[in-house]
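Here is the structure we will look at, set down as structure tokens.
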Amino acid sequence: DSGVTQTPKHLITATGQRVTLRCSPRSGDLSVYWYQQSLDQGLQFLIQYYNGEERAKGNILERFSAQQFPDLHSELNLSSLELGDSALYFCASSARTGSNEQFFGPGTRLTVL
Amino acid sequence: AQKVTQAQTEISVVEKEDVTLDCVYETRDTTYYLFWYKQPPSGELVFLIRRNSFDEQNEISGRYSWNFQKSTSSFNFTITASQVVDSAVYFCALSVFQGAQKLVFGQGTRLTINP
Chain A
27 DSGVTQTPKH
37 LITATGQRVT
47 LRCSPRSGDL
57 SVYWYQQSLD
67 QGLQFLIQYY
77 NGEERAKGNI
87 LERFSAQQFP
97 DLHSELNLSS
107 LELGDSALYF
117 CASSARTGSN
127 EQFFGPGTRL
137 TVL
Chain B
-4 AQKVTQAQTE
6 ISVVEKEDVT
16 LDCVYETRDT
26 TYYLFWYKQP
36 PSGELVFLIR
46 RNSFDEQNEI
56 SGRYSWNFQK
66 STSSFNFTIT
76 ASQVVDSAVY
86 FCALSVFQGA
96 QKLVFGQGTR
106 LTINP
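Respectively, the protein sequence lines represent chains A and B.
According to my numbering, the first sequence is numbered sequentially starting from 27.
According to my numbering, the second sequence is numbered sequentially starting from -4.
Right, dumping it as structure tokens:
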């Protein structure tokens, strides 16, 4: 158990819908990262937050957004969902920016029908 | 830009054999970190090791060992006396020190250990 929690574990929805994925980092970790794992793209970095502020953006679509709240939990919002958004979405946390190891949550498997 | 290549898509061996997973990376940064993660069938990503670019000492942890060679930009992972529980997808990843400390992952190597 990494100490990072993600909810829900599974999510099945329809095209055009909007969903919210939630992540709680390890106790004391200020940095949260979101990654997408799909069959065709592999594991890709989406976005990073540090202590409530956006720190870095990767290959995140404009239909996707995220935020980190004062209690340090983070949410990833995916809207106007398409079939190709079906993937495993991971959240990771680390104690600070810098290359401390990132500890990953169990992931949320999103299926768009 | 950074890149990680794991040329071996799938490896299948018989239990108790030794197996090496290859990882080659590209970066122009002089300070960087290399990682290995394990993804068992249950799906979570399990951290195995982190090395920084200034430490080329090989590391051994039980049946696991890692060989870091800057001259060839490689960070290979060897499992000695493999076990069925080692069956998983293994990812090599790279993170640079400056800027976004995102992890850049290789495509992964699916390792199957047959009894």
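Just so you know, even glycine gets a beta-carbon here, dropped at the ideal spot from N, CA and C.
Thinking just about the alpha-carbon of each residue, which of the options is nearest to the one in residue i?
{"i": "Q96 of chain B", "options": "B:L29, B:F49 and B:L40", "result": "B:L29"}
{"i": "A88 of chain B", "options": "A:R81, A:T33 and A:G68", "result": "A:G68"}
{"i": "A113 of chain A", "options": "A:Q63, A:R48 and A:Q74", "result": "A:Q63"}
{"i": "A76 of chain B", "options": "B:Q3, B:T4 and B:V9", "result": "B:V9"}
{"i": "R48 of chain A", "options": "A:N85, A:D111 and A:S91", "result": "A:S91"}
Would you call the CB atoms of residue i and residue j closer than 9 Å?
{"i": "F100 of chain B", "j": "Y32 of chain B", "result": "yes"}
{"i": "I40 of chain A", "j": "L107 of chain A", "result": "The sequence shown places Ala at residue 40 of chain A, not Ile. Yes; because the gap between Cβ atoms is below 9 Å, this pair is in contact."}
{"i": "R45 of chain B", "j": "E127 of chain A", "result": "yes"}
{"i": "T67 of chain B", "j": "V(-1) of chain B", "result": "no"}
{"i": "G54 of chain A", "j": "A121 of chain A", "result": "yes"}
{"i": "N103 of chain A", "j": "V45 of chain A", "result": "yes"}
{"i": "Y100 of chain A", "j": "Y61 of chain A", "result": "Here residue 100 of chain A is Ser; the residue named in the question, Tyr, does not match the sequence. No, the Cβ-Cβ distance between S100 of chain A and Y61 of chain A is not below 9 Å."}
{"i": "Q(-3) of chain B", "j": "E21 of chain B", "result": "yes"}
{"i": "V84 of chain B", "j": "L106 of chain B", "result": "yes"}
{"i": "I38 of chain A", "j": "L109 of chain A", "result": "no"}
{"i": "L40 of chain B", "j": "A118 of chain A", "result": "yes"}
{"i": "L16 of chain B", "j": "Q3 of chain B", "result": "yes"}
Between which two residues does the beta strand (DSSP E) carrying residue i extend?
{"i": "K83 of chain A", "result": "E79 to K83"}
{"i": "G68 of chain A", "result": "G68 to Y76"}
{"i": "H36 of chain A", "result": "H36 to T39"}
{"i": "I108 of chain B", "result": "T104 to N109"}
{"i": "R46 of chain B", "result": "V41 to N47"}
{"i": "V79 of chain B", "result": "From DSSP, V79 of chain B is part of no beta strand (DSSP E); its letter is neither H nor E."}
{"i": "L47 of chain A", "result": "V45 to S50"}
{"i": "A88 of chain B", "result": "A83 to V91"}
{"i": "N53 of chain B", "result": "Careful: N53 of chain B lies outside any beta strand (DSSP E) and carries neither H nor E."}
{"i": "L16 of chain B", "result": "V14 to L16"}
{"i": "S100 of chain A", "result": "S100 to L104"}
{"i": "E10 of chain B", "result": "Counting along the chain, E10 of chain B falls outside any beta strand (DSSP E), and DSSP gives it neither H nor E."}
Would you verify that the beta carbon of residue i is, or is not, closer than 9 Å to some beta carbon of chain A?
{"i": "V80 of chain B", "result": "no"}
{"i": "Q102 of chain B", "result": "yes"}
{"i": "R45 of chain B", "result": "yes"}
{"i": "G57 of chain B", "result": "no"}
{"i": "V19 of chain B", "result": "no"}
{"i": "F49 of chain B", "result": "no"}
{"i": "E5 of chain B", "result": "no"}
Does DSSP put residue i in a helix, a strand or coil?
{"i": "T26 of chain B", "result": "coil"}
{"i": "L136 of chain A", "result": "strand"}
{"i": "T73 of chain B", "result": "strand"}
{"i": "T4 of chain B", "result": "coil"}
{"i": "L87 of chain A", "result": "coil"}
{"i": "L65 of chain A", "result": "coil"}
{"i": "L109 of chain A", "result": "helix"}
{"i": "K65 of chain B", "result": "helix"}
{"i": "V30 of chain A", "result": "coil"}
{"i": "K33 of chain B", "result": "strand"}
{"i": "L114 of chain A", "result": "strand"}
Step through the CB atoms of chain B and report whether any lies within less than 9 Å of the CB of residue i.
{"i": "S53 of chain A", "result": "no"}
{"i": "G131 of chain A", "result": "yes"}
{"i": "G78 of chain A", "result": "no"}
{"i": "R48 of chain A", "result": "no"}
{"i": "Y75 of chain A", "result": "no"}
{"i": "L98 of chain A", "result": "no"}
{"i": "G29 of chain A", "result": "no"}
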